[in-house]
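So the sequence shown is numbered by our numbering: it starts at 119 and just counts up by one. Using N, Cα and C, we set each Cβ at its ideal position, and we do this for glycine too.
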Amino acid sequence: MVDKLTTSAVQEIAGLSKQRGQRKLSKHLNLTADDGELDMRQAIHLDFLYDNLMFAAEKGFPWNHVCLVVKFAENVLTNSLGKELVAVLKYIQSESTEIGCELGERNFKVYIDFLFSTFLQHIKLFQFVFTRERERMSPNVQLEIIPPKSSEPLKEAKEVKIWDYQQNYEGLQRKETEKQNERLLKKQYIAETADKRLEESMKKIESKKEEKFTKETITDILKEVIGTYTANTLDNMKWNIEDTKEDLEIKLQKTSLPRPQALGIVMFLFD
């Protein structure tokens, strides 16, 4: 896919808006789904390659070098899946000689710094998305079929304002429920990530059992434990802040809905 990317193609993509540029790149890479919608992996894959392309273009790399950057990024992503960070770094090092000669010392250093600060900094998230299948949530619910009631007399019908208000309010209720379901998935991801960090920390501590406990050894163990705890705590704080913000936005939307006088006044309590 990436090997067929031409200099004229990347030049055209770089000159388009982000949305149109990504759409054009997806066509060149045959990432477009049958229904026009990309799944999560395809979307992240496309974002990754597009960001690398635009970085090289905005830094003034020659167009043939922009193509090389995109191909290199694709190879790094493909050959990093399911591997430990050390193996990924060795792969990048082994492949750096050729592209380094092509890009030149300055441009190569600029690009590698970008790759390290983006892809490698979030490599665990890439690994999680590309190597683990998402659990399909298939609710098994028994539904009772109730035939529609006969039409009510026109004089008992709802006013348009009341009907519109109730539809908008119910829409916000559905949105709130969807957010709650998303949180369950996020909590599962956070828990799994925390378990992995803890397991890695324990392995490192176990490996030091045979060593004589010196001040340096104890310091290393404390750093490992504190680092793991801090990382897990920061993840939880980040998600909690986002959840609180989303809750507040939905509640504010509810209170801002113009409520018809016929329904009376309702006081909203904020947690």
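Judging by CA-CA distance, which residue of the options is the nearest neighbour of residue i?
i: Phe-237; options: Ser-214, Ser-212, Leu-207, Ile-217; result: Leu-207
i: Glu-220; options: Arg-250, Thr-249, Ala-205, Trp-181; result: Trp-181
i: Leu-171; options: Asp-157, Arg-159, Asn-197, Lys-142; result: Lys-142
i: Lys-276; options: Ala-161, Lys-136, Pro-378; result: Pro-378
i: Lys-341; options: Asp-361, Ile-359, Ser-319; result: Ser-319
i: Thr-249; options: Gln-160, Ile-344, Met-355; result: Gln-160
i: Lys-122; options: Met-158, Lys-189, Glu-251; result: Lys-189
i: Gln-306; options: Asn-354, Thr-215, Gly-345; result: Asn-354
i: Asp-361; options: Ile-344, Thr-373, Glu-288, Glu-300; result: Glu-300
i: Thr-124; options: Asp-165, Leu-243, His-183; result: His-183
i: Glu-288; options: Thr-215, Pro-265, Lys-372, Val-247; result: Lys-372
i: Met-158; options: Leu-243, Ile-344, Thr-215, Glu-334; result: Leu-243
i: Val-120; options: Leu-134, Ser-212, Thr-196; result: Thr-196
i: Gly-178; options: Gly-222, Ile-263, Glu-251; result: Gly-222
Around the Cβ of residue i, are there at least 16 other Cβ atoms within 10 angstroms (buried) or fewer (exposed)?
i: Leu-147; result: buried
i: Phe-234; result: exposed
i: Glu-192; result: buried
i: Ile-241; result: buried
i: Leu-381; result: exposed
i: Asn-225; result: buried
i: Ser-144; result: buried
i: Ala-175; result: buried
i: Ala-309; result: exposed
i: Leu-167; result: buried
i: Lys-205; result: Just to set this straight, residue 205 is Ala in the shown sequence, not Lys. Counting Cβ neighbours within 10 Å, Ala-205 comes out exposed, since fewer than 16 surround it.
i: Asp-153; result: Because the pLDDT of Asp-153 is 45, which lies under 50, any placement of that residue in the model is unreliable, and the number read from its coordinates should be weighed accordingly. The residue is exposed, with fewer than 16 neighbouring Cβ atoms inside 10 Å.
i: Phe-386; result: Because the pLDDT at Phe-386 is just 49, under 50, the model does not fix this residue reliably, and the value given afterwards should be weighed accordingly. Label assigned to Phe-386: exposed.
Give every residue of the same chain whose Cβ lies closer than 6 Å to the Cβ of residue i, excluding the five residues on either side of it in the sequence, and list them in chain order.
i: Lys-297; result: Glu-364
i: Gly-139; result: Ile-131
i: Leu-403; result: Because residue 403 is not part of the residues shown, which for the chain are 119 to 389, the question remains open.
i: Ser-268; result: none
Give me the Cβ distance between residue i and residue j, rounded to the nearest whole Å; I'm assuming they're in contact under 8 Å.
i: Leu-478; j: Gln-245; result: The structure shown does not extend to residue 478, since the chain spans only 119 to 389, so no value can be given for it.
i: Lys-304; j: Trp-357; result: 6 Å
i: Val-128; j: Cys-185; result: 6 Å
i: Val-194; j: Ile-217; result: Not quite, the Cβ-Cβ distance comes to about 10 Å (not below 8 Å), so this is no contact.
i: Ile-162; j: Val-247; result: 6 Å
Leaving out five residues on either side along the sequence, give the residues of the same chain with a beta carbon under 8 Å from the beta carbon of residue i.
i: Ile-368; result: Leu-290, Lys-293, Glu-294, Lys-297
i: Phe-173; result: Val-187, Tyr-229, Phe-232
i: Ile-280; result: Pro-378, Ala-380, Leu-381
i: Tyr-283; result: Leu-375, Pro-376, Arg-377, Pro-378, Leu-381
i: Asp-169; result: Thr-236
i: Leu-203; result: Leu-238, Ile-241
i: Ser-214; result: Phe-226, Ile-230
i: Lys-321; result: none
Can you list, in chain order, the residues of its chain with a C-beta nearer than 7 Å to that of residue i? Leave out the 5 residues immediately preceding and following it.
i: Leu-302; result: none
i: Gln-285; result: none
Looking at the ligand MN, does it come within less than 7 Å of residue i, judged from the CB to the closest heavy atom?
i: Lys-189; result: No copy of the ligand MN appears in this structure; indeed no ligand is present at all.
Can a CB atom of chain B be found closer than 8 Å to the CB of residue i?
i: Lys-267; result: Here chain B cannot be found, since the structure has a single protein chain.
Runs of 4 residues minimum, wholly inside the stretch 129-190: which ones carry the alpha helix (DSSP H) assignment?
Counting only runs of 4 or more, we get 136-146, 158-176.
Alpha helix (DSSP H) runs wholly inside the stretch 226-267, at least 4 long, in chain order:
Listed in chain order, they are 241-249.
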